[in-house]
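So this note's numbering is basically just the index in the sequence shown, starting at one, shifted up by 103. Where a beta carbon is used, it is the ideal one built from N, C-alpha and C, also for glycine. Just so we're clear, the structure is a prediction, and the values are computed from it rather than from any experiment. What follows is a short report on a single structure.
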Amino acid sequence: FRVASRAGHDTFVPPKRLATSFTPADPPASAPERLVIVTPVYPKDPELWEMEETEAPDGKLPIDGIVQIEDERGTVRTFRRVSATFEDPVRFTVAAGATERWRFLSLEKSAGAYPHPMHLHSVAFQGLSREVYDVSSFTFFELPGGGYGAGTSTPIRWKENAPLTAAEQGPKDVISLAPAQLITVGATFNGPPGRFMHHCHVYEHEDMMMMRPFVVQPEAVMKLAPHHGHRPHG
């Protein structure tokens, strides 16, 4: 073609559906779930917590690393922190070819705080939902031996659903997590097995260890491990 100084006439109209091969993510009810929490930026640097569902504790809350969530239906679930730094052992092991739900929850209370661009290596995911929570019950407290602990004094509570953009519902590897939001994505891990990362894509936060490894393994290999296989995680 040649570049000219005059405007041309183009009758092309983009179709409403650009890709006929696109299939929305639809993880089954039995799909494993992963819960990743981003803690507030004050009074200590933000951390990336990996969580597992557990029984509600008998002791008085808050307890360091314990987070309770009351969803839209009023169901309260309790989660415990199983990792918080890059050096912690791998806690999320994914079966190759499996479809999972990954949930990213920001406990930042300040509505004007910057969002966290959450990134998964090795896979393209699709946004399933965005919810807004009252996270005011998440609190920091001083530990007897020094430093800060953090947890919920009462369950954080669902407030409302928020929209996903059209782009977020297509294949992505980064999604924006705003303060007090819970975002759920669906991902099918049909790439090669290996060791990969999930992290906040703010470079300073990567340097602050808001990055965690996860492992994708063939199902046959997972069955050889103690307690075989995998189970759904919160």
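Going by DSSP, Tyr-306 is part of the alpha helix (DSSP H) stretching over 306-310. When the beta-carbon positions are compared, Val-288 and Thr-196 stay at least 8 Å from each other. Distances from the alpha-carbon of Met-325 to those of Gly-200, Gly-254, Ile-259, Trp-205 put Gly-200 closest.
If you draw a straight line from the Cα of Gly-294 to the Cα of Ser-225, it comes to about 7 Å.
Cα atoms of Pro-247 and Ser-186: separation of roughly 21 Å, rounded to the nearest angstrom.
In this structure the segment 213-228 lies against the segment 295-304, because at least three pairs of beta carbons, one per stretch, are closer than 8 Å. Between Gly-273 and Phe-115 the beta-carbon gap is near 22 Å, outside 8 Å, which marks them as no contact.
For Pro-316, the pairing in a beta bridge is given by DSSP as Met-300. Remark: C-beta atoms of Met-154 and Val-170 approach each other more closely than 8 Å. A direct Cα-to-Cα measurement between Pro-117 and Pro-127 gives close to 21 Å. When DSSP reads this structure, Arg-176 sits in no beta bridge, so it has no partner.
Excluding sequence positions up to five before and after Thr-242, its CB lies within less than 8 Å of the CB of Pro-165, Ala-253, Gly-254, Thr-255, Ser-256, all in the same chain and listed in chain order. Ala-265 is a Cβ neighbour of Arg-233, given a cutoff of 8 Å. Within the segment 148-193, the complete beta strand (DSSP E) segments at least 3 residues long are 151-157, 169-173, 179-186, listed from N- to C-terminus. In the structure shown, Ala-323 falls within a helical segment according to DSSP collapsed to helix, strand and coil. Under the DSSP assignment, His-222 falls in the beta strand (DSSP E) whose first and last residues are 219-223.
Under DSSP, Arg-260 takes part in a beta bridge, and its partners are Glu-173, Asp-237.
In the DSSP assignment, the residues bridged to Arg-206 are Leu-138, Thr-287.
The C-beta distance from Ser-240 to Pro-282 rounds to 15 Å, too long to meet the 8 Å contact threshold. CA-CA distance, Ala-290 to Arg-204, rounds to 7 Å. Cβ atoms of Leu-231 and Leu-285 stay farther apart than 8 Å, at about 11 Å. Among the bridge pairs identified by DSSP, Thr-196 is matched with Val-318.
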